[in-house]
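Contents: one structure, followed by commentary.
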């Protein structure tokens, strides 16, 4: 079963990747979004605003039932009827009953993801009702019988000419395939007629204010105002998670929602409806207003110690806008009803195991969504959490079982790594890279050459290249990490070259092992905890000034994941925090601790790739670029410097087609700069970038930052 | 005060609203009547006081414009310009706050091709939070309907290209009223 669903999912990914127009449209969308968002955040303290949203939501979520009661009393006093639906089926039934009792024949809708969640349209149509979406994007996909590919821009996967063809069918008239304004005009005219004659309007809501029983909707087109004004009956359908206490809470969310959603300071229309307002079309002269709250797992989720924060989501859709995977395949393959990173989480809770199984694995852990999320949701962690639950329910893959046995046993793990050198030897033909992979690795995996495991790991070389100093001014615990230690020991050697003569002692503790990130990525929390304890003991942070690693991924994991993994372990929590406080990345160490002399200009032209776990994981942006320029390299920038290279550890093995596509976009940009060298500071990124460039036959050399700087010093001495 | 008005004007214009100062209501009515002349000749202006409606009617008569003030559901498609009075302005975002509990106000401001809103200068505040008490007062009316309006109706649903006039007005004119007496 699971193998078949995996095959089907990869086939869908492949077909999305092969759709060239889709790729271009999504790339354009993501670029435009990035620019618009940056402009909208000018002069705004995003983190402060985001913290306020977190406070508002975290205050509301534990007391949703209480807020619901308060809302209901206020709204009913204002003439509304308030309903609570336990699940999708009940919600559909409540709405169909309202329509039947009110003698409704035709319905117009403004955009509601909650109605998508319960597949409302299909049900109402099966009851003989005419249902017309009035949001332009929703109408387009309704006409095509598709689901939204984005929560805010539902038809963003389609081109203008595809829409023209569709509207040609609707109007019976030719449409200019390049004239977007005239297509919008077609929708305006067609839908105006529908809205004027409809019996019922169905809307969603962005907020429900408990204190006053008010619903607020945020739109740009203005269709929500018409849908809530013109028909005699109004049904609002919304999740319980939209409840907030008061107007102030709603305004705090409103301040950031349009900025995050579309790079707008505010949307064109924010509509606040309280109760049964005046309506000349209704027999009584007042609107028949029904407010249907949907639970569908939300109340249980709001009490979940790990996943409750998913309910902070304000549906801005920005986790898709910045996601390299969504940007390659779009929402139809990167989500179920809810798309993007939040969709990967919510699908499991709202639509079940079957819908969630393959999706939940499809995350690079690049953190782009997390740093962009206005509600401060740790999306990558929740996605791993869902995958972990699926493993518990359905049995973990073989790789997880191996990981549990091998990773927690350092001697066994390192024995296997050393053996790998011998196993690879015949494939490498004496070179550093394996270009022609053995047959089980061909096909989708052939997009990059793989590095050879080093003949002797860094740990074996350390005693001779880093002898103890008599009176060091600083003592630094060096954490190798598997790639640096066993595959790229030359990166560590370059670092030692840079600190030579600086009175800094670097200790390499032999008992250190894998940082545990691969286990966390595979949702093996227990394994991740066990190796965390081993490393904390080995590194002995208490007796060192810094804990340094050349791997940004390891650094970020040591710093952020260790204290969280061991938060409930009284014996280890404090030690984890002590270690976390001393973790430093290569660039910050060289710039702020070591201090390198400036070198004359004239070095190679170098582009830089910012590792996800450095720029987002550790918030380090300037130091590596500054060091390159100071060392005389000619630093050349390009647009996607801080976008993931597509490695993601085992992600690149599980989803080679996506990994290759994301890498290709990056390498295209790097090659376009005319750089001779591509510098980065994470061995995982080096593996991906070097392997990809080698397969392209490119002459661009890939260097770890430490290597690039050591080479620059050597050049200056010559 | 001048800074607030300058910011409001800049932000409203940035989202394609037209912003013009008017000395008094008479000037605002003239503006609306003149605009309607060039746009079909029928102006919807619900929710104004008796005296105000009289002087508006004069302005319309002078410009050869038909004026409708109620029963707007029956006039849909005939009126092309809607004239309303905004309660507040928000400088930070160039936003109008329009109490729309009166259904006629909703129809005039949504089903017209151009929406003209008169905003007294003294009612402009820095941001939503500076208006919180006033907004809460509007919300406490039950039932009630309050609208924040920022620029004309827009969509970017096709290829993320911005197009004005999706479902609501294609134009928004904000008349900044100096003398609100």
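Protein chains in written order, with this note's numbering: chain Z, 1 to 718; chain C, 719 to 899. For glycine and all other residues, C-beta sits at the position ideal for the given N, C-alpha and C.
Can you confirm whether residue i, when its beta carbon is compared against all beta carbons of chain Z, has any partner nearer than 8 Å?
i, result
"residue 719/C", "no"
"residue 843/C", "no"
"residue 884/C", "yes"
"residue 739/C", "no"
"residue 724/C", "no"
"residue 799/C", "no"
"residue 892/C", "no"
"residue 796/C", "no"
"residue 754/C", "no"
Which word fits residue i, buried or exposed, when buried means at least 16 other C-beta atoms lie within 10 angstroms of its C-beta?
i, result
"residue 719/C", "exposed"
"residue 170/Z", "exposed"
"residue 126/Z", "exposed"
"residue 361/Z", "buried"
"residue 7/Z", "exposed"
"residue 558/Z", "buried"
"residue 119/Z", "exposed"
"residue 232/Z", "buried"
"residue 468/Z", "exposed"
"residue 121/Z", "buried"
"residue 411/Z", "exposed"
If we cut at 8 Å on Cβ distances, does residue i have a partner in chain C?
i, result
"residue 269/Z", "yes"
"residue 21/Z", "no"
"residue 248/Z", "yes"
"residue 196/Z", "yes"
"residue 272/Z", "yes"
"residue 278/Z", "yes"
"residue 1/Z", "With a pLDDT of only 46 at residue 1/Z, under 50, the local geometry of the prediction cannot be trusted, and the value read off the model is given with reservation. Residue 1/Z does not count as touching chain C."
"residue 245/Z", "no"
"residue 275/Z", "yes"
Please work out which residues of its chain come closer than 7 Å, Cβ to Cβ, to residue i, disregarding the five sequence neighbours upstream and downstream, and give them in chain order.
i, result
"residue 857/C", "864"
"residue 737/C", "727, 730, 731, 892, 894"
"residue 788/C", "764, 822"
Would DSSP call residue i helix, strand or coil?
i, result
"residue 50/Z", "helix"
"residue 336/Z", "coil"
"residue 1/Z", "Reliability fails at residue 1/Z, whose pLDDT of 46 lies under 50, so the model's placement of it is uncertain and the value that follows must be treated cautiously. Here residue 1/Z sits in coil by DSSP."
"residue 320/Z", "helix"
"residue 895/C", "strand"
"residue 616/Z", "coil"
"residue 542/Z", "helix"
"residue 118/Z", "coil"
"residue 635/Z", "strand"
"residue 526/Z", "helix"
"residue 157/Z", "coil"
"residue 107/Z", "strand"
"residue 259/Z", "helix"
"residue 507/Z", "strand"
"residue 81/Z", "strand"
"residue 738/C", "strand"
"residue 451/Z", "strand"
"residue 700/Z", "coil"
"residue 585/Z", "strand"
Rank the options by C-alpha distance to the C-alpha of residue i and give the top, closest one.
i, options, result
"residue 675/C", "742/C, 822/C, 831/C", "For residue 675/C there is no data in the structure shown, the boundaries of chain C being 719 and 899."
"residue 608/Z", "628/Z, 560/Z, 512/Z", "628/Z"
"residue 334/Z", "349/Z, 494/Z, 157/Z, 188/Z", "157/Z"
"residue 212/Z", "232/Z, 77/Z, 176/Z", "77/Z"
"residue 375/Z", "120/Z, 674/Z, 52/Z", "52/Z"
"residue 695/Z", "435/Z, 509/Z, 563/Z", "435/Z"
"residue 275/Z", "305/Z, 122/Z, 71/Z", "71/Z"
"residue 730/Z", "363/Z, 415/Z, 216/Z", "The shown model of chain Z, from 1 to 718, leaves out residue 730/Z, and the question about it has no answer."
Within the same chain, show all residues whose beta-carbon is closer than 6 Å to that of residue i, passing over the 5 residues directly before and after it, in chain order.
i, result
"residue 813/C", "866, 868"
"residue 342/Z", "313, 319"
"residue 775/C", "785"
Excluding the 5 residues flanking residue i on each side, which residues of the same chain have their C-beta closer than 8 Å to its C-beta?
i, result
"residue 528/Z", "516, 517, 519, 520, 561, 565"
"residue 30/Z", "321, 322, 327"
"residue 268/Z", "219, 220, 221, 222"
"residue 881/C", "872, 873, 874"
Taking Cβ-Cβ distances shorter than 8 Å, what residues in chain A pair up with residue i?
i, result
"residue 434/Z", "Absence of chain A from the displayed structure is noted, the protein chains being Z and C."
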